[in-house]
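Q: According to the numbering used here, numbering within the sequence shown proceeds without interruption in unit steps and concludes at 208. C-beta: ideal position from N, C-alpha, C; glycine also. I have a structure here, written as structure tokens, and I will follow up with some questions on it.
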Amino acid sequence: MMIKNIESKIRLATFVSLGSLLSSVVITIVVSFFAYRQVNSARKSIYILDNHVPMLAKQTDVQLNRPAEYRADVDLFHSLFFSLTPDDRFIEYQMKKAMYLVDESGARQYNDLKEKGYFSSVLSSSSVLTLQTDSIFLDVPKRYFRFFGKQRIDRRSATVVRSLITEGTLRDMPRSENNPHGVLITQWKILENKDLENVQKNSL
């Protein structure tokens with residue numbers, strides 16, 4: 005009888021020990037999970053000092069803002085490539101900055117225009133070129149864009165307005181000083197660049 009009581013107490017002690025161990029493991033897992041979530045959430049919160057007063061600022065998910073960055077990158081590239089003044093150093097500077105945002109397809113377009121005398125004509129005619137962005141169609145899943153804009157060319161003799169339509173694809177890359185959005189334009193080509201208006205200026 006005594007032996008049975010001892011065996012029962014041993015079994016009870018074993019069950020209690022195992023139960024305590026399992027409970028500890030479960031509690032540890034649950035606490036670790038919530039602690040991880042809390043740390044993850046805290047990482048998305050940063051504080052900014054305003055006159056030595058800490059103010060909470062929320063960090064947004066990068067992917068939520070990516071479409072806006074894609075459009076900004078496409079807009080910046082086209083502005084650099086198509087907004088020019090009759091200054092060979094300025095043109096060279098613009099093209100150098102633009103080439104950081106595009107792959108070899110941009111270099112090919114630049115060389116084609118150069119061979120056709122496009123940049124020489126800007127210098128010889130003292131033309132000032134400005135670009136107005138109308139819209140940018142963006143297919144985020146396919147990383148495809150189509151740019152619609154108007155290029156205004158102010159010459160001594162006339163003002164020309166041309167339509168500009170281009171297309172290309174986008175590739176993510178590490179951000180840098182020369183490519184702050186971390187986006188590379190690929191397979192870029194000009195689909196349309198034709199005259200819409202040609203207004204002659206009065207010559208004195």
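Can you name the start and end residues of the beta strand (DSSP E) that residue 197 belongs to?
A: Looking at the DSSP string, the run of the beta strand (DSSP E) that includes residue 197 is 187-204.
Q: Does the separation of the CB atoms of residue 74 and residue 149 fall below 8 angstroms?
A: Closer than 8 angstroms, so yes.
Q: Classify residue 118 as helix, strand or coil using the three-state DSSP reduction.
A: The answer is helix: DSSP assigns residue 118 an H, G or I state.
Q: Below 8 angstroms between beta carbons: does that hold for residue 143 and residue 153?
A: No, these two residues do not count as a Cβ contact at 8 angstroms.
Q: With DSSP collapsed to three states, give me the class of residue 126.
A: Three-state result, residue 126: helix.
Q: Can you check whether the CB of residue 189 is closer than 8 angstroms to the CB of residue 86?
A: Contact flag unset, no.
Q: Between the alpha carbons of residue 117 and residue 126, how many angstroms are there, rounded?
A: Their backbone Cα atoms lie some 11 angstroms apart in a straight line.
Q: What residue range does the beta strand (DSSP E) around residue 107 cover?
A: Neither: residue 107 is in no beta strand (DSSP E) and is coded neither H nor E.
Q: Could you work out which residue in 70, 104, 22 and 155 is closest to residue 196 when comparing CA atoms only?
A: Closest option to residue 196, Cα to Cα, is 155.
Q: Do you know whose CA, among 71, 24 and 27, lies nearest residue 175's CA?
A: If we check each option's Cα against that of residue 175, 71 comes out closest.
Q: Take every Cβ of the region 168-184, pair it with every Cβ of the region 102-113, and state whether three or more of those distances are shorter than 8 angstroms.
A: Yes, the region 168-184 is in contact with the region 102-113.
Q: Below 8 angstroms on the Cβ atoms is my guess for residue 130 versus residue 160; work out the distance and round it to an integer in Å.
A: Correct: roughly 6 angstroms between the Cβ atoms.
Q: Terminal residues of the continuous beta strand (DSSP E) containing residue 88?
A: Unbroken run through residue 88: none, as it is neither H nor E.
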